[in-house]
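Enquirer: Pasting a structure below so you can have a look.
Protein chains: 2
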Amino acid sequence: MGLRKVGKKLANIQEVAKQARVSVATVSRVLNGQNTVSEKTRKKVEEAIKKLNYEPSMLGRNLRNSESRLFLILIPSISNPFYLEIIKGIEAVAISQNYNILLCETDSNPERENIYFDLVRKKMADGIISMDPTVNIETLKNLSENHAIIQCSEYEEGSGIPYVTIDNEDASYRAVKHLIQIGHKNIALINSDEKYLYARQRKMGYIRALEEYGITLNSQFIILTQHLGFENGQHAMKKLLNLHDRPTAVFAVSDLLAIGALKEIHASRLHVPSDIAVVGFDKIDFSNMTNPTLTTIAQPMYKMGTVAVKMLIDKMNGKEVESIILDHELVVRESTSGQFI
Amino acid sequence: MGLRKVGKKLANIQEVAKQARVSVATVSRVLNGQNTVSEKTRKKVEEAIKKLNYEPSMLGRNLRNSESRLFLILIPSISNPFYLEIIKGIEAVAISQNYNILLCETDSNPERENIYFDLVRKKMADGIISMDPTVNIETLKNLSENHAIIQCSEYEEGSGIPYVTIDNEDASYRAVKHLIQIGHKNIALINSDEKYLYARQRKMGYIRALEEYGITLNSQFIILTQHLGFENGQHAMKKLLNLHDRPTAVFAVSDLLAIGALKEIHASRLHVPSDIAVVGFDKIDFSNMTNPTLTTIAQPMYKMGTVAVKMLIDKMNGKEVESIILDHELVVRESTSGQFI
DNA sequence: TTTGGAAATGTAATCGATTTCATTTAGGCG
DNA sequence: CGCCTAAATGAAATCGATTACATTTCCAAA
Numbered sequence: 001m002g003l004r005k006v007g008k009k010l011a012n013i014q015e016v017a018k019q020a021r022v023s024v025a026t027v028s029r030v031l032n033g034q035n036t037v038s039e040k041t042r043k044k045v046e047e048a049i050k051k052l053n054y055e056p057s058m059l060g061r062n063l064r065n066s067e068s069r070l071f072l073i074l075i076p077s078i079s080n081p082f083y084l085e086i087i088k089g090i091e092a093v094a095i096s097q098n099y100n101i102l103l104c105e106t107d108s109n110p111e112r113e114n115i116y117f118d119l120v121r122k123k124m125a126d127g128i129i130s131m132d133p134t135v136n137i138e139t140l141k142n143l144s145e146n147h148a149i150i151q152c153s154e155y156e157e158g159s160g161i162p163y164v165t166i167d168n169e170d171a172s173y174r175a176v177k178h179l180i181q182i183g184h185k186n187i188a189l190i191n192s193d194e195k196y197l198y199a200r201q202r203k204m205g206y207i208r209a210l211e212e213y214g215i216t217l218n219s220q221f222i223i224l225t226q227h228l229g230f231e232n233g234q235h236a237m238k239k240l241l242n243l244h245d246r247p248t249a250v251f252a253v254s255d256l257l258a259i260g261a262l263k264e265i266h267a268s269r270l271h272v273p274s275d276i277a278v279v280g281f282d283k284i285d286f287s288n289m290t291n292p293t294l295t296t297i298a299q300p301m302y303k304m305g306t307v308a309v310k311m312l313i314d315k316m317n318g319k320e321v322e323s324i325i326l327d328h329e330l331v332v333r334e335s336t337s338g339q340f341i
Numbered sequence: 001m002g003l004r005k006v007g008k009k010l011a012n013i014q015e016v017a018k019q020a021r022v023s024v025a026t027v028s029r030v031l032n033g034q035n036t037v038s039e040k041t042r043k044k045v046e047e048a049i050k051k052l053n054y055e056p057s058m059l060g061r062n063l064r065n066s067e068s069r070l071f072l073i074l075i076p077s078i079s080n081p082f083y084l085e086i087i088k089g090i091e092a093v094a095i096s097q098n099y100n101i102l103l104c105e106t107d108s109n110p111e112r113e114n115i116y117f118d119l120v121r122k123k124m125a126d127g128i129i130s131m132d133p134t135v136n137i138e139t140l141k142n143l144s145e146n147h148a149i150i151q152c153s154e155y156e157e158g159s160g161i162p163y164v165t166i167d168n169e170d171a172s173y174r175a176v177k178h179l180i181q182i183g184h185k186n187i188a189l190i191n192s193d194e195k196y197l198y199a200r201q202r203k204m205g206y207i208r209a210l211e212e213y214g215i216t217l218n219s220q221f222i223i224l225t226q227h228l229g230f231e232n233g234q235h236a237m238k239k240l241l242n243l244h245d246r247p248t249a250v251f252a253v254s255d256l257l258a259i260g261a262l263k264e265i266h267a268s269r270l271h272v273p274s275d276i277a278v279v280g281f282d283k284i285d286f287s288n289m290t291n292p293t294l295t296t297i298a299q300p301m302y303k304m305g306t307v308a309v310k311m312l313i314d315k316m317n318g319k320e321v322e323s324i325i326l327d328h329e330l331v332v333r334e335s336t337s338g339q340f341i
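Chains A and B supply the protein sequences, listed in that same order. For the first sequence, our numbering gives the first residue as 1, with consecutive numbering after it. For the second sequence, our numbering gives the first residue as 1, with consecutive numbering after it.
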């Protein structure tokens, strides 16, 4: 490129060494706070650094140390607020450990995914935290032989890749149990595609709760959606409302789905929770802004993020890493706290 | 660190050269698709690459090229959905140009901000797209002398740093004019702190619309909030509802504020839009999920993102870059489409 | 066959740091 | 004052690529 780049030439460690009349080794030692430098030379070097406005280049350092101090966060879509709180947790720990993150939105697109995997292959990233359920697990397994990888929230059983998650089956069980305990018997499930492990697990929790209370499963009450978006919730709810015997309660496996359901219920001039109670999942920020506010399962997202990074850093340092299951919590709000029956 | 790192040793360009019985220069030429390599040697090299499972290290390449092919996106908070669509636009162009982005959440915290600026100073990032209105503009100006920087959406007048944004004054004017045209005279403004340029601009648009229709300004109708969150909208609306003569319409400078206002209005058993009409700003995804759906000003966020990256890349290549104002649009939805009066 | 010039390839410097190992300096002690 | 050890410093290799410049190879024309 024949184009002039922005900026003047910046000083490098050589020039600092010359300015301070010491060797580059000594400058490097001052930079890295090693204690084998005499007070006098340290002063000299620091003055030279200040005078030349020197900033050590991470490019040189990274090459020498064979690390980028970057890692990837794989998510299917940045629009899904569920991930945001996790990311905050990740960021906090990452920064404190002098790492930075590359937020990678795959759009569930294998090509896109591959671009990001390449970043790891080419040493531009030191590790991966995958939260993408649509990730190509074979590729991930292959990569995990040479690179540090942690699965967060979503995981593949028996992949050998450590994960941090919650007990989805139990969370789902509790959500449904709550609906049963406030008097519901006709409880629908808006689930996502059962190719995802969490979807299968949450369905099992749903079934277990029904069975425990002797409620027979109505297969018409289970709606599967392709994605976890608002519109998917609307469509699913529309189907449920068109049933001859429509449910009196709905458990959706994501808040966005639940909010879509809410909207559709309102559109049919029905009332939540007196006509239909709704429970979501995730406790995203918006679940508290709807009208009525949404009962939901709170995942410890921030914690999940922090734990994931710690596991990743351990893994990068060659330590043995165990998978972790975190606690969840049922948050009862207006969408189920009416006086049903 | 005495700990074993993950993974076996990976091949480097030297070993590929040896395996293919050529020089590293030739391997590099094959890698970079230069045409001065004969078909025969190219084959040899490609076979060696495959055999050794070689992946070129970006660390080496980046050092040699003095670039990281990374740039920073500065945002105050990832929780604000307004930024997400912009980021998608940024990502799309970045990827197509072989760049990756570091999403940097400052939390409006100068320390945090400085960590990210350091990344640029230390050459870990090639440029910055700042969307943070709380950014320290002096530091930004200083940095812009040596580094490529673009301001996106938020900007500082006369900073000399190119920006891409919309005409905030006009957008605000149109929103208020819309409220006037459907019959409102008592129109409140929920604005953010006027230390931000966009807040001052939007206030001016509000005033201009009122003046144009001969409506006298009621200073009690202007509420300033510290942040742009849901709760801030609730609080602001509470103040407005407590006024002796409460407004019949509210224009909030962000959808989140407007959604908070909606919630508060409902809590007071009032109806939108028949009792109070509401207009937001940004057209975030959720503005279409509320009940009623929200009238709002649509910013071309995706476009803004793509434009910002193009400007940044031009800037990095030393081209002269002009600031750009993009178009906006009023989107009328349920929160103002009732038959008021 | 010779030769000129283009095409192909190789050598070695370079990017900017860290680190090993060698060497110098300082200081305490007899 | 000389000696020994520990502390301080420096020289040079190294990380893994790119590339300017030098050299070799190839082929067509004379």
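The C-beta atom is built at its ideal place from N, Cα and C for all residues, glycine as well.
Name the DSSP beta bridge partners of residue 299 of chain B, please?
Expert: Note: residue 299 of chain B sits in no beta bridge, so no partner.
Enquirer: State buried or exposed for residue 34 of chain A, treating a residue as buried only when at least 16 other CB atoms are found within 10 Å of its CB.
Expert: The residue is exposed, with fewer than 16 neighbouring Cβ atoms inside 10 Å.
Enquirer: Determine the direct distance from the alpha carbon of residue 132 of chain A to that of residue 74 of chain A, and round the result to whole angstroms.
Expert: Looking at the two C-alpha atoms, the distance is approximately 6 Å.
Enquirer: State the DSSP-derived secondary structure class of residue 169 of chain A, mapped to helix, strand or coil.
Expert: Reduced to three states, the DSSP call for residue 169 of chain A is helix.
Enquirer: Any contact of the stretch 326-333 of chain B with the stretch 283-301 of chain B, i.e. 3+ C-beta pairs under 8 Å?
Expert: Output reads yes: the stretch 283-301 of chain B touches the stretch 326-333 of chain B.
Enquirer: Against chain A, which members of the stretch 274-297 of chain B pass a CB distance test of less than 7 Å?
Expert: Listed by position, the residues of the stretch 274-297 of chain B near chain A (Cβ gap below 7 Å) are 285, 286, 289, 291.
Enquirer: Give the DSSP-derived three-state secondary structure of residue 282 of chain B in the structure shown.
Expert: DSSP places residue 282 of chain B in strand when its eight states are reduced to three.
Enquirer: Residue 36 of chain A: buried (16+ other C-beta within 10 angstroms of its C-beta) or exposed?
Expert: The residue is exposed, with fewer than 16 neighbouring Cβ atoms inside 10 Å.
Enquirer: In this structure, how does DSSP classify residue 306 of chain B when only helix, strand and coil are distinguished?
Expert: Helix, per DSSP.
Enquirer: Residue 271 of chain B versus chain A: which residues are under 8 Å apart at the beta carbon?
Expert: The premise fails here: residue 271 of chain B is roughly 12 Å from chain A at the closest Cβ pair, so nothing lies under 8 Å.
Enquirer: Quick check: is the beta carbon of residue 266 of chain A nearer than 8 Å to any beta carbon in chain B?
Expert: Residue 266 of chain A counts as touching chain B.
Enquirer: Helix, strand or coil for residue 151 of chain A per DSSP?
Expert: It is a strand residue.
Enquirer: How many angstroms separate the CA atom of residue 303 of chain A from the CA atom of residue 150 of chain A?
Expert: If I take the Cα positions, the gap works out to 15 Å.
Enquirer: Checking the sheet assignment: what are the DSSP bridge partners for residue 100 of chain B?
Expert: DSSP output for residue 100 of chain B lists B:70 as bridge partner(s).
Enquirer: What is the DSSP secondary structure of residue 236 of chain A, counted as helix, strand or coil?
Expert: Helix, per DSSP.
Enquirer: So does residue 226 of chain B have its beta carbon nearer than 7 Å to some heavy atom of the ligand NAD?
Expert: Judged by which ligands are present, the structure shown has none, so any question about the ligand NAD falls away.
Enquirer: Taking residue 108 of chain A as the reference, give the member of A:93, A:137, A:124, A:179 with the closest Cα.
Expert: Comparing Cα-Cα distances from residue 108 of chain A to each of A:93, A:137, A:124, A:179, the minimum goes to A:137.
Enquirer: Tell me which residues share the same chain as residue 186 of chain B and place their Cβ nearer than 6 Å to its Cβ, disregarding the 5 neighbours each side in the sequence.
Expert: Excluding sequence neighbours, residue 186 of chain B sits near 247, 248.
Enquirer: Measuring CB to CB, does residue 215 of chain B end up less than 8 Å from residue 255 of chain B?
Expert: Not a contact, by the Cβ cut-off of 8 Å.
Enquirer: Given a limit of 7 Å on CB to CB distance, which residues of the stretch 34-61 of chain B reach chain A?
Expert: So the list reads 55, 56, 57, 58, 59, 60, given in the order they occur along the chain.
Enquirer: Give a yes or no on whether the minimum CB-CB distance between residue 28 of chain B and chain A is below 8 Å.
Expert: It does not: the Cβ of residue 28 of chain B has no partner Cβ on chain A nearer than 8 Å.
Enquirer: Give the DSSP-derived three-state secondary structure of residue 336 of chain A in the structure shown.
Expert: Three-state DSSP puts residue 336 of chain A in coil, outside helix and strand.
Enquirer: My output table needs one value for residue 248 of chain B: the three-state DSSP class, helix, strand or coil.
Expert: DSSP places residue 248 of chain B in coil when its eight states are reduced to three.
Enquirer: Between which two residues does the alpha helix (DSSP H) carrying residue 207 of chain A extend?
Expert: First-last of the alpha helix (DSSP H) with residue 207 of chain A: 197-212.
Enquirer: Mind listing the chain A neighbours of residue 91 of chain B? Cutoff is C-beta to C-beta under 7 Å, in chain order.
Expert: Correct list: 105.
Enquirer: With a threshold of 7 Å on Cβ separation, who are the neighbours of residue 231 of chain B within its own chain once the five nearest residues in sequence on each side are excluded?
Expert: Cβ neighbours of residue 231 of chain B beyond the five flanking positions: 260.
Enquirer: Pull out every residue of the stretch 203-231 of chain A whose Cβ sits closer than 7 Å to any Cβ of chain B, in chain order.
Expert: Of all residues in the stretch 203-231 of chain A, 230 have a Cβ within less than 7 Å of some Cβ in chain B.
Enquirer: Check whether the stretch 270-285 of chain A touches the stretch 313-325 of chain A, counting contact only when three or more Cβ pairs, one atom from each stretch, lie closer than 8 Å.
Expert: The stretch 270-285 of chain A, when compared against the stretch 313-325 of chain A, does not touch it at the 8 Å Cβ threshold.
Enquirer: Determine the contact status of residue 172 of chain B and residue 205 of chain B, defining contact as a CB-CB distance below 8 Å.
Expert: Yes; because the gap between Cβ atoms is below 8 Å, this pair is in contact.
Enquirer: When you compare each of B:278, B:79, B:199, B:178 to residue 329 of chain B by their alpha carbons, which one comes out closest?
Expert: If we check each option's Cα against that of residue 329 of chain B, B:178 comes out closest.
Enquirer: Might you give, ordered along the chain, the residues of its own chain that have their beta carbon closer than 6 Å to the beta carbon of residue 156 of chain A, omitting 5 neighbours on each side?
Expert: Only 137 meet the Cβ criterion.
Enquirer: Looking at the structure shown, is residue 26 of chain B part of a helix, part of a strand, or coil, going by DSSP?
Expert: Helix.
Enquirer: Between the stretch 93-111 of chain B and the stretch 272-281 of chain B, do at least 3 Cβ pairs fall closer than 8 Å?
Expert: Cβ pair count under 8 Å is below three, so no.
Enquirer: Taking 8 Å as the CB-CB cut-off, is residue 119 of chain A touching chain B?
Expert: Closer than 8 Å: yes.
Enquirer: Leaving out five residues before and five after residue 147 of chain B in sequence, what residues of the same chain have Cβ atoms less than 6 Å from its Cβ?
Expert: Contacts found: 120.
Enquirer: Tell me the rounded alpha-carbon separation between residue 85 of chain A and residue 152 of chain A.
Expert: Spanning the two alpha carbons is a distance of roughly 13 Å.
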